[in-house]
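Quick notes on the structure that follows.
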Amino acid sequence: SEFLNIAVIPGDGIGPEVTAEAVKVLKKATEAADVRLVLTDYTLGAEHWLKTGETLPEETLSALRNHDAILFGAVGAAPGDTRIPSGLIERELLLKLRFSLDHFVNLRPAKLYPGVPSPLAEPGEIDFIVVREGTEGPYVGNGGALRVGTPHEIATEVSVNTAHGVERVVRDAFRRASERPRKHVTLVHKHNVLVYAGHLWRRTVEAVAQEFPNVTHDYLHVDAATIFMTTSPSRFDVIVTDNLFGDILTDQAGAITGGIGLAASGNINMDRTAPSMFEPVHGSAPDIAGQQKADPTAAILSAALMLDHLGLSEAARRVEEAVESDIASRDEMTDPRTTAEIGDAIVASLA
Ligand code: NAD
Ligand code: IPM
Ligand code: MN
Numbered sequence: 002s003e004f005l006n007i008a009v010i011p012g013d014g015i016g017p018e019v020t021a022e023a024v025k026v027l028k029k030a031t032e033a034a035d036v037r038l039v040l041t042d043y044t045l046g047a048e049h050w051l052k053t054g055e056t057l058p059e060e061t062l063s064a065l066r067n068h069d070a071i072l073f074g075a076v077g078a079a080p081g082d083t084r085i086p087s088g089l090i091e092r093e094l095l096l097k098l099r100f101s102l103d104h105f106v107n108l109r110p111a112k113l114y115p116g117v118p119s120p121l122a123e124p125g126e127i128d129f130i131v132v133r134e135g136t137e138g139p140y141v142g143n144g145g146a147l148r149v150g151t152p153h154e155i156a157t158e159v160s161v162n163t164a165h166g167v168e169r170v171v172r173d174a175f176r177r178a179s180e181r182p183r184k185h186v187t188l189v190h191k192h193n194v195l196v197y198a199g200h201l202w203r204r205t206v207e208a209v210a211q212e213f214p215n216v217t218h219d220y221l222h223v224d225a226a227t228i229f230m231t232t233s234p235s236r237f238d239v240i241v242t243d244n245l246f247g248d249i250l251t252d253q254a255g256a257i258t259g260g261i262g263l264a265a266s267g268n269i270n271m272d273r274t275a276p277s278m279f280e281p282v283h284g285s286a287p288d289i290a291g292q293q294k295a296d297p298t299a300a301i302l303s304a305a306l307m308l309d310h311l312g313l314s315e316a317a318r319r320v321e322e323a324v325e326s327d328i329a330s331r332d333e334m335t336d337p338r339t340t341a342e343i344g345d346a347i348v349a350s351l352a
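Position in the sequence shown (first residue = 1) + 1 = UniProt numbering.
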């Protein structure tokens, strides 16, 4: 039988709680697929930094490269925690992993499963994916500050967009669209203001579209995209967008499809030159950590994205179906369940 060699980074806060449930599901799903699962835990995150001063040592990064994929929980301190400089763990661990392992496709599906309450009065059918660029944009740390603390302080944060980086993610979005029933790509940007990057993204979309004659495409400025995501989300099929717009839009996409506890993501290296990494869209949720209150569904659906990426599409589909049937039977008011109870129920319906 086949081997899967998976690195697990549970992280901080609810990260370890939701990851434990995703691991249970992975074990069950791989067992059924006759795949030998080998898991290796890596202790990293804000708590680890407080104890050791380490964010992501080079040896750890090298070791992570030897796995087939990485399952990631969440990292980060509580917003009010002054013991850790803001952004240190996010930048030096999470973003460093995405950049070093060249996770250029940040795939974030948004699907309203049957039986899930949406905050929208008339949500309609919601089933789209956001292909968020993962290695460039304003996330690269290309900035600085002058005259800090004076009335003349100047802070810059310069977005980097390369032809190579934009083209590969746009082509990925068109390829994914070509395999979906509606075959439609929406570029979301803000080319009326961000003219240089906007021009590159638009030209790239027009050029790549020539390779996919069956895929239609349109364009929305990001501010208008947030309107349509609230008023008519069923218009979206595949959204392709830059790193920061994609970050913001996918929290909104999570909210309209039943909440952040359900939103999954994959940080994918489509060239397979390094392992891809799968994680919930949400963070470490310090407000509910350690209480078994977190919904592990986002972590479990992220594990399904991992199985799919690793070629186990049948196992991935079975996990998604198990989640779907669990979700359909939920009644939060009368039946509050712990994190582990939700995980166990999904494992049971897989069996
Ligand atoms: P958050 O996603 O952690 O929490 C936002 C709200 O959603 C909170 O009220 C939380 O209780 C709730 N929530 C989140 N996940 C949930 C789940 N599975 N079930 C039920 N409720 C859930 O965002 P935040 O509060 O802005 O960030 C907290 C920390 O996490 C910060 O340090 C931030 O930088 C970090 N963060 C990390 C990641 C990541 O590791 N990928 C992502 C986002 C934020
Ligand atoms: C996410 C998070 C991260 C991001 C942060 C924690 C760096 O918000 O995964 O959406 O902005 O990408
Ligand atoms: Mn985010």
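Beta carbons: idealized from backbone N, C-alpha and C, even for Gly.
Predicted, not measured: the structure shown is a model, and the values here were computed from it.
I think residue i touches residue j, with their Cβ atoms under 8 Å apart; what is that distance to the nearest whole Å?
i           : j           : result
residue 90  : residue 8   : Wrong, their Cβ atoms sit about 18 Å apart, outside the cutoff.
residue 74  : residue 10  : 6 Å
residue 319 : residue 30  : 6 Å
residue 6   : residue 82  : Residue 6 to residue 82, Cβ: 34 Å. No contact.
residue 201 : residue 162 : 5 Å
residue 115 : residue 329 : 6 Å
residue 269 : residue 96  : Not really, about 15 Å apart at Cβ, beyond 8 Å.
residue 357 : residue 203 : A query on residue 357 cannot be resolved here, the shown segment of the chain reaching from 2 to 352 and no further.
residue 113 : residue 259 : 7 Å
residue 37  : residue 93  : Contact flag wrong, Cβ pair sits at about 33 Å.
residue 323 : residue 350 : 4 Å
Tell me whether residue i, by its Cβ, gets closer than 6 Å to a heavy atom of the ligand MN.
i          : result
residue 82 : no
On the DSSP bridge list, what partners appear for residue i?
i           : result
residue 158 : 144
residue 92  : In the DSSP output, where bridge partners are listed per residue, residue 92 has none listed.
residue 266 : 280
residue 38  : 5
residue 111 : 129
residue 1   : This structure does not reach residue 1, given that the chain is present from 2 up to 352, and the question cannot be answered.
residue 220 : 188
residue 70  : 7, 277
Using a Cβ-based criterion (distance less than 6 Å to any ligand heavy atom), does residue i qualify as near the ligand NAP?
i           : result
residue 248 : Inclusion of the ligand NAP in the displayed structure is not the case, the ligand content consisting of the ligand NAD, the ligand IPM and the ligand MN alone.
If you measure from the CB of residue i, is any heavy atom of the ligand NAD nearer than 6 Å?
i           : result
residue 8   : no
residue 303 : no
residue 91  : yes
residue 283 : yes
residue 295 : yes
residue 78  : yes
Exposed or buried, residue i, counting other C-beta atoms within 10 Å across all chains shown (16 or more means buried)?
i           : result
residue 103 : buried
residue 134 : buried
residue 303 : buried
residue 13  : buried
residue 149 : exposed
residue 254 : buried
residue 214 : exposed
residue 343 : buried
Taking 6 Å as the cut-off, is the C-beta of residue i nearer than that to any heavy atom in the ligand IPM?
i           : result
residue 306 : no
residue 95  : yes
Just to confirm, are residue i and residue j a CB contact at a threshold of 7 Å?
i           : j           : result
residue 300 : residue 281 : yes
residue 171 : residue 205 : yes
residue 297 : residue 106 : no
residue 157 : residue 142 : no
residue 390 : residue 277 : No answer is possible for residue 390: it lies beyond the span of the chain, which begins at 2 and ends at 352.
residue 316 : residue 306 : no
residue 167 : residue 178 : no
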